[in-house]
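What follows is a single structure, written as structure tokens, with notes after it.
Chains as they are written, first to last, in the numbering used here: chain A, 1 to 207; chain B, 1 to 207.
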């Protein structure tokens with residue numbers, strides 16, 4: 001029974017686990033789309049308001065905070081970033097699944113505000129694999145890599161708050177598992193079953 | 001994270017929805033196997049004890065009832081049939097998924113005894129389709145078909161107790177959805193997360 005309302009998927013996992021690539025795979029299904037964040041930082045060249053970000057003033061951002069309109073928000077280098085709840089809900093109601101690629105702390109904020117969100121944790125097969133992936137990028141110093149690995153273990157400690165674990169060993173298999181999770185979530189018996197029952201009852205009476 | 005322990009899947013749905021065929025598809029994965037019922041009826045030619053059924057005396061059956069060793073049991077034409085809990089648990093502990101093709105009443109009994117069982121309801125796309133499938137068999141009278149349709153609607157009324165809905169319109173898609181549900185269930189964050197966390201912590205300390 002395909003439900004009309006979409007679902008919010010929070011995709012988290014340590015840096016280097018390949019969650020960005022998995023999200024890209026999921027976005028190939030046009031029922032799925034990325035959440036658009038609101039930010040107070042200035043737009044960079046080519047960035048489109050409403051597509052890359054919602055660019056707003058600090059005053060506007062704080063108004064959203066005050067009326068509780070963020071699923072999560074954080075400050076990075078004096079700029080505010082947040083996921084506006086009303087925008088996400090509007091898209092869920094249109095039947096879209098919204099994906100949110102966010103760190104574990106943000107994921108837990110989302111779960112607190114919207115308990116029906118589905119939280120997926122992307123894990124590396126091992127820390128050794130994570131290390132070699134980070135080293136392979138060749139963009140970070142050894143010190144930064146050590147910090148990331150230590151942060152990874154701290155994030156994994158919160159895995160109990162998540163709903164699903166996807167180990168990203170072979171990308172195609174991990175993406176396939178994530179797709180299976182979304183299919184299964186969509187097949188869950190809805191909280192309100194009367195519309196399902198009525199469909200068959202009415203057909204019986206009509207016959 | 002593939003969990004070692006298997007899961008019990010209850011597959012229910014009105015007669016004619018094709019749940020038997022879906023189960024056969026699932027059994028192609030050799031991690032999945034059918035549950036074996038215990039019965040007091042006499043073995044038919046070719047039936048193997050422990051494979052088709054566990055054939056027991058009425059006394060033995062009633063002993064199992066008394067010590068609460070049935071996930072569900074019922075009487076059909078003076079014979080008893082039941083699903084022995086200890087046998088199912090033994091197979092789950094060996095990492096097998098156990099499938100139970102059973103009616104909705106039986107499914108609810110199972111859920112009461114083993115709340116962690118995953119209940120999948122197979123639905124026909126419509127009663128009209130169900131009717132034409134039943135008529136297509138050519139084995140039942142019109143009266144029996146009417147009874148089955150009416151029973152189908154009564155079963156569907158209990159759908160709120162189930163976990164997932166699989167609409168069997170195109171068999172291959174329905175079987176694929178059932179497989180996705182099993183994959184997703186296997187990716188659920190386990191209740192005890194310490195073994196998962198420890199794996200990464202130990203690797204960190206070892207490094």
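C-beta: ideal position from N, C-alpha, C; glycine also.
Note that the structure is predicted; figures quoted are calculated from it, not measured.
Chain B beta carbons: is any one of them nearer than 8 angstroms to that of residue i?
| i | result |
| --- | --- |
| residue 6 of chain A | no |
| residue 12 of chain A | no |
| residue 169 of chain A | no |
| residue 129 of chain A | no |
| residue 180 of chain A | yes |
| residue 117 of chain A | no |
| residue 193 of chain A | yes |
| residue 15 of chain A | no |
| residue 126 of chain A | yes |
Below 8 angstroms on the Cβ atoms is my guess for residue i versus residue j; work out the distance and round it to an integer in Å.
| i | j | result |
| --- | --- | --- |
| residue 158 of chain A | residue 113 of chain A | So it is not a contact: roughly 17 angstroms between Cβ atoms. |
| residue 174 of chain A | residue 164 of chain B | Contact doesn't hold; Cβ gap of about 22 angstroms is too wide. |
| residue 98 of chain A | residue 161 of chain A | Rounded, the Cβ-Cβ distance is 19 angstroms, inconsistent with contact. |
| residue 117 of chain B | residue 8 of chain B | 4 angstroms |
So what does DSSP say about residue i, is it helix, strand or coil?
| i | result |
| --- | --- |
| residue 40 of chain A | coil |
| residue 141 of chain B | coil |
| residue 74 of chain B | strand |
| residue 169 of chain B | coil |
| residue 83 of chain A | strand |
| residue 132 of chain A | helix |
| residue 150 of chain B | helix |
| residue 118 of chain B | strand |
| residue 12 of chain A | strand |
| residue 162 of chain B | coil |
| residue 45 of chain A | coil |
| residue 186 of chain B | helix |
| residue 88 of chain B | helix |
| residue 93 of chain A | helix |
| residue 127 of chain B | helix |
| residue 191 of chain B | coil |
Using a Cβ-Cβ distance cut-off of 8 angstroms, determine whether residue i contacts chain A.
| i | result |
| --- | --- |
| residue 175 of chain B | no |
| residue 101 of chain B | no |
| residue 165 of chain B | yes |
| residue 134 of chain B | no |
| residue 149 of chain B | yes |
| residue 204 of chain B | yes |
| residue 35 of chain B | no |
Within the same chain, show all residues whose beta-carbon is closer than 8 angstroms to that of residue i, passing over the 5 residues directly before and after it, in chain order.
| i | result |
| --- | --- |
| residue 51 of chain A | 36 |
| residue 5 of chain A | 92, 93, 95 |
| residue 103 of chain A | 12, 155 |
| residue 204 of chain B | none |
For residue i, collect the residues of the same chain with a Cβ closer than 7 angstroms to its Cβ; drop the 5 residues on either side in sequence, then sort them by chain order.
| i | result |
| --- | --- |
| residue 2 of chain A | For residue 2 of chain A, the pLDDT reaches just 49, beneath the cut-off of 50, and the residue's location in the model is therefore unreliable, although a value from the coordinates is still provided. Within the same chain, residue 2 of chain A has close Cβ partners 186. |
| residue 86 of chain A | 69 |
Tell me whether residue i, by its Cβ, gets closer than 7 angstroms to a heavy atom of the ligand MN.
| i | result |
| --- | --- |
| residue 142 of chain B | This structure lacks the ligand MN, and indeed carries no ligand of any kind. |
Output, in chain order, the set of chain A residues within a Cβ distance shorter than 7 angstroms of residue i.
| i | result |
| --- | --- |
| residue 183 of chain B | 177, 180 |
| residue 29 of chain B | Those do not exist, as residue 29 of chain B stays about 13 angstroms from chain A at its closest Cβ, beyond 7 angstroms. |
If I measure Cβ to Cβ from residue i and keep anything under 6 angstroms in the same chain, skipping five residues before and after, which residues do I get?
| i | result |
| --- | --- |
| residue 107 of chain A | 10, 12, 119 |
| residue 136 of chain A | none |
Could you name the residues of chain B that residue i contacts, counting a contact when the two beta carbons are closer than 7 angstroms?
| i | result |
| --- | --- |
| residue 157 of chain A | 197 |
| residue 9 of chain A | Those do not exist, as residue 9 of chain A stays about 12 angstroms from chain B at its closest Cβ, beyond 7 angstroms. |
Spell out whether any CB of chain E is found under 8 angstroms from the CB atom of residue i.
| i | result |
| --- | --- |
| residue 65 of chain A | Structure shown: chain E not included; protein chains present are A and B. |
Could you name the residues of chain B that residue i contacts, counting a contact when the two beta carbons are closer than 9 angstroms?
| i | result |
| --- | --- |
| residue 189 of chain A | 119, 121, 159, 160, 161, 162, 163, 164, 165 |
So which residues on chain A does residue i lean against when the C-beta distance must stay under 9 angstroms?
| i | result |
| --- | --- |
| residue 201 of chain B | 153, 156, 157 |
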